[in-house]
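Numbering (the working numbering), first residue to last: 2 to 119. Don't be surprised by glycine CBs; every beta carbon is placed ideally from N, CA and C. The block underneath contains the structure these notes are about, expressed in structure tokens.
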């Protein structure tokens, strides 16, 4: 599977997608227009090692809902990932059995390397 979970209204996501110049074999899913399903979240968490690894603590709602003052469990992370798209650390790029989460320069560089090797 080659898939990208992103927001088409997010300039950072769009910049990274342009920078990576992904082949047409990648399927793009705008998570605002097509929210993640429970099955997709489970599959991503299996690749990432946890639901927490997919969770964005930079989301505005994270602070607004007071989540930063709570101790969240894996069940909580899954719940919030399914509740609102903003909690997904974006973009999430899946290439077969590899997953690249977020927009750090290091993650983008690792994604480029994996693309070059495939």
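Check                                                                                 : Outcome
Buried versus exposed, by CB contacts within 10 Å (16 or more), residue 107           : exposed
Residue 71 (DSSP reduced to helix, strand or coil)                                    : coil
Given residue 97 as reference, the closest of 32, 28 and 7 once Cα atoms are compared : 28
Three-state class that DSSP yields for residue 97 in the structure shown              : coil
First and last residue of the uninterrupted beta strand (DSSP E) at residue 1         : In this structure the chain extends from 2 to 119, so residue 1 is not present and cannot be described.
Residues bridged to residue 3 (per DSSP)                                              : 96
Beta-carbon gap between residue 88 and residue 47 smaller than 8 angstroms            : no
Range covered by the alpha helix (DSSP H) that runs through residue 45                : 39-49
With 16 other Cβ atoms within 10 Å as the buried cut-off, status of residue 91        : buried
Option nearest residue 115 by Cα separation, candidates 103, 104 and 94               : 94
For residue 110: DSSP bridge partner residues                                         : In DSSP, residue 110 forms no bridge with anything.
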